Structures are given as C-alpha cells and as structure tokens.
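Peer 1: There's a structure below that I have some questions on.
Protein chains: 2
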Amino acid sequence: MEPVGRVVRHFQEELEQLKTRILEMGGAAEEQVRLAVKGLSDRDLDAIDRALVGDGPINALHIEVDNRCFTLLALYQPMAADLRTIVAAVKINTDLERVGDLAVNIAEAARRYAAHVPVKKLIDIPRMASIAQHMLRDALDAFVRRDVDLAQQVLNEDDRLDELKTQIFRELLTYMLQDPATIEPALDLILVSRHLERIGDHATNIAEDVIFIVSAKDVRHHAGETPA
Amino acid sequence: MEPVGRVVRHFQEELEQLKTRILEMGGAAEEQVRLAVKGLSDRDLDAIDRALVGDGPINALHIEVDNRCFTLLALYQPMAADLRTIVAAVKINTDLERVGDLAVNIAEAARRYAAHVPVKKLIDIPRMASIAQHMLRDALDAFVRRDVDLAQQVLNEDDRLDELKTQIFRELLTYMLQDPATIEPALDLILVSRHLERIGDHATNIAEDVIFIVSAKDVRHHAGETPA
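Structure, rendered in structure tokens:
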C-alpha cells in the first residue's frame, strides 16, 4: 500500500498547488480589472499604465498552470472527480487569461477616454466592474472549495450585469444623439461595458465548470433539463 | 501484444471520431457566421432568423465533444502528443462554442440594423467575415492534419482582421459625426466588426494549440522566444 499511498499524497499536494496558482492568477486578473476601471473613472493615467502592462504575471501563470495540468494528467492518470477537476483547470486557466486580455482592452479604452472631456460621472460602469470582479472571486472560491451553492449564486448574478449593460447603452446613446462631441468617448464607454460583461461571462463559465466537477451535472445549454 | 494492439486501434478510432465531430462543429459554426453576415449585408431576415437559432447543433456537439474527451482521458490514459491532442480538443471545443455565440450576437445586431436606413453599402464587414471564416477553417484543417505551416498562416492572417476593424471604426465614426441618424445603426456595425475580430481570435487560439500539439512548443505570449 505504501507506494500507492505516496503517489496519492503527491497527487493531492500537486492538485493543491495547482489550485493555489489558479487563485493567484484570479487575484492578479481581478487586480488588473480594478486598476483599469479605476484608471477610467478617476482619469488616473498611472493606474491605466499599470493595467496595460499588468498581464505579464497572468501570462506566465497561464503557461505554468497548463504545464501543471499536463503533468498531473500524464503522471497520475486521475479518474472521475479528479479528472474533471484538472480538465476544468485547463478551461479556467483559459478564462482567466482572457480576463487579463479584457483588462488590457479596458485600459486601452480608458487611455483614449482620458483624452476627451468626460461624458458624465461614471456610476454604472464601476458598478458593473464591482459585480464582475465579485463574480470572478466567488467562482474561483467555489472551484477551490467545491462549493456548488456559491457557483449557483455566480450564475444568478449574470442577469444584473446584462441589465446594467443595456441601461448604460441607452443612456450613452441619448448623449451621443444630443451632442456629437460625446460620440467618440461614449463609444469607448460602451466598449468597456461589453468588456465587463464578458468578464462576467468568464466567471459564469468557471461556475458552470465547478457544478460539473462536483455533481458531474452539465448545466450548459440547459443540458440538465432533458434526459441524456 | 494483441490486447494492447486492440486498445491502441480503438483509441485511434475514437480519436478520429473526435476529430470528425470537431470538424462538424467547425462547419456548423462557420455556416452560422456566414448566415448572420449575409443577413446583415443583404437585409435578409430569413438568414438572420436561421443564424439566431443556429447554435442548437453546435451546443449539442459541444457537450458530446467534451464527453468524448473525458472518456478518452479516463479509458486510455494517453501520453505525449495524444494527451496534448485531447487537451487541445477540450480547448478547441470551447472556442467553437463561443464562435456560435458570436454568430448569434452578429445576427442580433443584424436584426436591429435591418430596422434602420442602411448607413452604407457594406464591403469591409463581409471581407472581415470571409477572412475570419477562412482562418477558422484553416485552423481546424491544421488541427486534423497536424499541419504546423497552415497553423502558422492562420496566425499571420490575424493582423489583416485588426487593420480592417480599425478602418471600419474610423469610417463609421465619420458617418456618426456627420449625421446623428446613423449613430444607432453604425454602433451595431462597429459591434459586428468586434465580434468578427473575436472569431479571428478563436481561430488564432486553435492555431496556437495545433503548434503546441505537434511541436510541444508554446507560441503563446512569445513563450518560445526565451529559454524555458
């Protein structure tokens, strides 16, 4: 039994390290989103610059996490829930890397926006950002703790992001129609709201993966609603 | 040797079936993009409606491909290039599902656009669509044929999409500044150009995965340029 026991213990240790790296990556992605949106709201060029270059650590972690997943699959040939966890980690890794890219896109829009007279005081965009960051954090906590209820909460939050996005669009369209000088900066705010919506989508993907890991139940495309 | 030979043969047959399903999914996604952009360009409400509901088969294939990948990993415990192929299939599956979602987004924009007077005759957007569809097809062919040169060509195409997107943005901004009646429909064209750019990004992801499968060389984040 001893060699098997040792292999299992190593596997669990490696799996914990994988989860730790994913949490680190999530923390870095969340911070980058926070900086980009702060840069936009406060016209803080320093925050914008930091968000623009901030995906370096995330990209390094992206490659490291992928390698760890390959090593775990090749060395330990895990089954059932462990296999699902590692395949989910591969997907979550991709999601987090995209969140880093989206933070860069937000920072790019923020830099252009800062060159114009502000269209309005930003309230709904920071609110969207706060919801999206929260969804991301909860989705990753749900992954690490295998918490299906928390993952389900993340799925429920997505509608709020969608409503705010629609509201932001309508309001900015009114500004654009009234004053052509607002067209260019308002366009960037609309793009930022779309980027934040997509960050919420990535958190949703992660939450769906968590439900699949724990319950082996596929909640994508309402797959759970019809008999397999 | 016979049982091992049989297992290997079954594995290779299963792997071929997996690749066939991914090609089917790619074909369905490409057709959905084609319909959505045709609907936009020709104000063809029938094509728009078909694109709007067209992701059903893609979503069904998404779940099937994921299940096939799990089964292959659990039953055959593949190593090296086979393991990389299956993990890549998991990622490609996600990419193709998103392409289906993006086609729906394009069709939604097309439906709104059709309710307005056309801003202009569309030339660059169908061109972007054609490049993006081509990139997707080449990336999947490269995956099935393990063709690194073709994958590299896909990576090179991405710059053309980016240039067209910038050009479309500048041109539409001019229209919007000159005539407020164009603001709302032009916004939808800008969103469509972003969706098409993202379809190109998904093709790029697939091409990067192909290079990784064949050469075990990571071309993401310029990882190949520095010693590991």
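In the order they appear, the protein sequences are chains B and E.
Going by my numbering, the first residue of the first sequence is number 975, and it counts up by one from there.
Going by my numbering, the first residue of the second sequence is number 975, and it counts up by one from there.
We treat Cβ as the ideally placed atom computed from N, Cα and C, and that holds for glycine.
Computed from a prediction, not measured in an experiment: that's the story for all the values here.
1. If contact means a Cβ-Cβ distance below 9 Å, which residues of the region 1044-1058 of chain E contact chain B?
2. B/Ile-965 and B/Val-1011: beta carbons closer than 9 Å?
3. Among the residues of its own chain, which have a CB less than 6 Å from the CB of B/Thr-1200, if the five just before and after it don't count?
4. Which bits of chain E does B/Met-1150 rub up against, with CB to CB less than 7 Å?
5. Just checking: is the beta-carbon of E/His-984 within a distance shorter than 9 Å of some beta-carbon in chain B?
6. Taking just the CA atoms, how far does E/Val-982 sit from E/Glu-976?
7. Given a threshold of 16 other Cβ atoms within 10 Å of its Cβ, counted over all protein chains shown, does B/Lys-1139 qualify as buried or as exposed?
8. If you draw a straight line from the C-alpha of E/Ile-1185 to the C-alpha of B/Gln-1127, how long is it?
9. Tell me the DSSP secondary structure of E/Pro-1052 in three-state form.
10. For B/Asp-1133, which three-state DSSP category applies?
11. How would you list, in chain order, the residues of chain E whose beta-carbon sits under 8 Å from the beta-carbon of B/Lys-1065?
12. Any beta carbon from chain B within less than 9 Å of E/Ala-1034's own beta carbon?
13. Mapping DSSP to helix, strand and coil, what is B/Pro-1201?
14. What span of residues does the alpha helix (DSSP H) with B/Pro-915 cover, start to end?
15. B/Cys-1043 and B/Val-1027: beta carbons closer than 9 Å?
16. Looking at chain E, which residues of the region 1088-1117 of chain B have a Cβ within less than 9 Å of any of its Cβ atoms?
17. In or out: E/Arg-1168 buried (at least 16 other Cβ within 10 Å) or exposed?
18. Can you check whether the C-beta of B/Leu-1161 is within less than 9 Å of a C-beta belonging to chain E?
19. Tell me which same chain residues have a C-beta within less than 8 Å of the C-beta of B/Ile-1187, skipping the five on either side of it?
20. How would you call E/Met-999, buried or exposed, if buried means at least 16 neighbouring beta carbons within 10 angstroms?
Peer 2: Reading it off the structure:
1. Phe-1044, Leu-1047, Ala-1048, Gln-1051, Pro-1052, Met-1053, Ala-1054, Leu-1057, Arg-1058
2. The first residue shown for chain B is 975 and the last is 1202, placing residue 965 of chain B beyond what the model contains.
3. Only weak support is given to the placement of B/Thr-1200: the predicted model assigns it a pLDDT of 41, under 50, and the question is left unresolved by the model.
4. Near B/Met-1150 (Cβ distances below 7 Å), the residues of chain E are Ile-1157.
5. no
6. Reliability fails at E/Glu-976, whose pLDDT of 46 lies under 50, so the model's placement of it is uncertain and the value that follows must be treated cautiously. Roughly 10 Å between the two C-alpha positions.
7. buried
8. Spanning the alpha carbons of E/Ile-1185 and B/Gln-1127 requires a straight line of approximately 38 Å.
9. coil
10. helix
11. Chain E residues near B/Lys-1065: Val-1064, Lys-1065, Thr-1068.
12. yes
13. With a pLDDT of only 39 at B/Pro-1201, under the threshold of 50, the placement of this residue in the model should not be trusted; the figure read from the coordinates follows. B/Pro-1201: coil per DSSP, three-state reduction.
14. There is no way to answer for residue 915 of chain B, as the model of chain B reaches only from 975 to 1202.
15. no
16. For the region 1088-1117 of chain B, the beta-carbon criterion of a distance under 9 Å to any beta-carbon of chain E is satisfied by none of its residues.
17. The residue is buried, with at least 16 neighbouring Cβ atoms inside 10 Å.
18. yes
19. Ala-1055, Arg-1058, Thr-1059, Ala-1062, Phe-1117, Arg-1120
20. The C-beta of E/Met-999 has 16 or more other C-beta atoms within 10 Å across all chains shown, which makes the residue buried.
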